[in-house]
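Only one structure is covered here, and it is reproduced in the block below.
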Ligand code: PLP
Ligand code: COI
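Numbering (the numbering used here), first residue to last: 52 to 381.
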């Protein structure tokens, strides 16, 4: 099995709607969905997913990182694709059941790996006209994972693209499947040209940094301000929100959410990508229209390293988490 997942796990959770209302689901070992060929998820993009992780901690417990925020984002996305919201109790029952059922597949503490959990919702049932589905499936599966980009804390090279992953007032803010379909071609172009991934610019003017593939962008200025782009077309990253808090409250840094002009990207002495899968991936350089900007000396910068150490410390229970950030699965 190629790619991010290290292996397939045995149990997943499935819940279905009946007459448009969610019913309690259950664990199953069936990896396949048998749904109608006319389902909206195949034709009209009515599909949405989330990503969160479970970690084995230093104390030997298992914990989730800010799962409440994944539920909020999932439900905002469901509103956007006119699908029924997932009740809190159903979300937590599903996620916790999947973690517990696959507990032996959670990588051991110290391995720097984790269990990636993938909740998703799809609209299904025969439907030829463009309108919301009448029935939905909510499913959660998981897989042990290592790092998404090249291993560990290694600075990588990225390139901008002329393509957009999302429209200015489109669906960039939510985790709909179509955004990722839109990203496959520019990603492939970047990889073929020897880069680790793509930097998307704002879709209206193509002058400001939006995102880094399936992760958010951040930069550290020469006067030590942690900056992240303000944009209507990027996914509000839970990791970004967390590192902004860490920078402000644990590192005493100033933070700003504002426009990051690509022509002024050398204002940053350090840059990085952040996300559940990407964790914190240092950016060594960004190439834009043939011009290469290298951050600092091209090595992993001090702030990026500190943010990485603190974030991982919290993930793995080595550093006490801010209140409400971790949920132990018992
Ligand atoms: N941006 C995109 C497009 C993503 O797919 C992800 C991953 O979820 C992120 C950013 C990072 O978000 P988070 O930190 O919530 O995982
Ligand atoms: C995540 O970090 O959860 C992502 O969405 C990345 C994923 C597409 C592998």
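Ideal Cβ placement from N, Cα and C applies to all residues, glycine included.
Since the structure is predicted, the reported quantities are computational estimates derived from the model, not experimental observations.
Asked: Beta-carbon spacing of residue 386, residue 135 below 8 Å; Found: Residue 386 falls outside the range modelled here, since the chain spans only 52 to 381, and no answer is possible.
Asked: The region 204 to 214 touching the region 99 to 117, judged by at least three CB pairs closer than 8 Å; Found: no
Asked: Delimiting residues of the alpha helix (DSSP H) encompassing residue 243; Found: 228 to 243
Asked: Element boundaries [alpha helix (DSSP H), containing residue 20]; Found: Because the chain in this structure spans residues 52 to 381, residue 20 falls outside the shown range and cannot be described.
Asked: CB of residue 169 within 8 Å of CB of residue 191, strictly; Found: yes
Asked: Residues surrounding the ligand COI [beta-carbon distance to nearest heavy atom under 5 Å]; Found: 102, 265, 326, 327 and 328
Asked: Residue 333 versus residue 180: straight-line alpha-carbon distance, rounded; Found: 45 Å
Asked: Check: residue 291 C-beta below 7 Å from any heavy atom of the ligand PLP; Found: yes
Asked: Nearest-angstrom Cα separation, counted from residue 315 out to residue 58; Found: 42 Å
Asked: Residue burial classification, residue 85 (beta-carbon count within 10 angstroms, cutoff 16); Found: exposed
Asked: Where the alpha helix (DSSP H) through residue 307 begins and ends; Found: That residue, residue 307, is in no alpha helix (DSSP H); its beta strand (DSSP E) goes 305 to 309.
Asked: Beta-bridge partners of residue 188, as assigned by DSSP; Found: 67 and 173
Asked: Buried versus exposed call for residue 284 [16 or more other C-beta atoms within 10 Å across all chains shown]; Found: buried
Asked: Beta-carbon proximity of residue 109 to residue 367, cut-off 8 Å; Found: yes
Asked: Local Cβ density within 10 Å of residue 140, reported as buried at 16 or more and exposed below that; Found: exposed
Asked: DSSP-derived helix/strand/coil call for residue 126; Found: helix
Asked: From 89, 340 and 363, residue whose alpha carbon lies closest to that of residue 252; Found: 340
Asked: C-beta atoms of residue 98 and residue 189 nearer than 8 Å; Found: no
Asked: N-terminal and C-terminal residue of the beta strand (DSSP E) that residue 279 is part of; Found: 276 to 280
Asked: CB contact flag (residue 319, residue 249, <8 Å); Found: no
Asked: Cβ-heavy atom distance, residue 267 to the ligand PLP, below 7 Å; Found: yes
Asked: Stretch-stretch touch, CB-based, cutoff 8 Å, three pairs: the region 284 to 296 with the region 220 to 228; Found: yes
Asked: Proximity below 8 Å, CB of residue 259 to CB of residue 311; Found: yes
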